[in-house]
Every structure is written in C-alpha cells, then in structure tokens.
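Trainee: To start, I am sharing the structure in question, which I have written as structure tokens.
In the numbering used here, the protein residues as written are 568 to 682.
In structure tokens:
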C-alpha cells in the first residue's frame with residue numbers, strides 16, 4: 568500500500584482498509600468500491616458489538632473444552648472423569664486444587680459449580 572493511500576485511509580478513519588482491499592474481487596470500479604464499503608461497514612458493526620459487549624461487563628462463560636489436563640497429577644483413585652462427574656460431591660468429600668497462577672484452577676471450579 569502506498570504511503571499516500573495510507574495517509575488518506577488515516578484521514579478518513581479507514582484504518583483496517585489495507586486488510587480488506589485484497590478480500591474484494593475486482594470486476595468493475597462501482598462493484599469494487601461498493602463491496603469494499605460493505606466490508607468496512609460489516610467490520611465496524613462487528614467491532615462495535617464486540618466493544619459494547621466488553622463494556623457491558625457480561626461474565627464470560629468458561630468451559631473445559633480446550634483445557635489441557637496433561638500437566639495435572641491426580642491422586643490415586645481420582646481421574647479427570649471423576650472430577651468432571653462431581654463424584655466427590657455425592658460422597659460429601661472436599662477437593663483441593665493446587666497450582667501456580669494461571670494454571671486454570673479457577674476455571675475448573677467455575678465449571679464444576681455450573682454442573
């Protein structure tokens with residue numbers, strides 16, 4: 568993208584246009600500009616909705632779908648399925664989750680509370 572085009576896109580507040588230019592197929596000028604503007608509007612609407620959702624402060628729903636259980640060492644008689652089935656709660660047993668910051672103990676706790 569030329570420096571002049573970058574400058575114009577900044578002036579017109581079209582900052583993401585450089586990523587969208589290559590996504591539009593060129594058939595004629597009117598079609599190209601129309602499709603490009605449509606993409607810009609869709610991108611802005613998507614960003615607006617994302618921004619409003621973040622600003623609203625809705626709680627994020629955490630799941631264990633992409634959680635990595637490999638580094639966890641379970642005590643004898645306990646495994647991932649037992650933990651997720653909440654068998655310990657039916658037996659009126661407590662569970663202690665230890666780990667460094669960022670290892671996902673809070674996420675596991677939230678998921679188990681929902682179940």
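Heads up, the beta-carbon is just placed ideally off N, CA and C, and yes, glycines get one too.
1) Is residue 657 helix, strand or coil when you go by DSSP?
2) I need the straight-line Cα distance from residue 577 to residue 622, nearest angstrom please.
3) Using only CA atoms, which one of 631, 603, 574 lies nearest to residue 592?
4) Is the beta carbon of residue 620 less than 8 Å from the beta carbon of residue 581?
5) Report, in whole angstroms, the separation of the C-beta atoms of residue 609 and residue 583, which I expect to be a contact under 8 Å.
Mentor: Reading it off the structure:
1) helix
2) 25 Å
3) 603
4) no
5) Contact doesn't hold; Cβ gap of about 11 Å is too wide.
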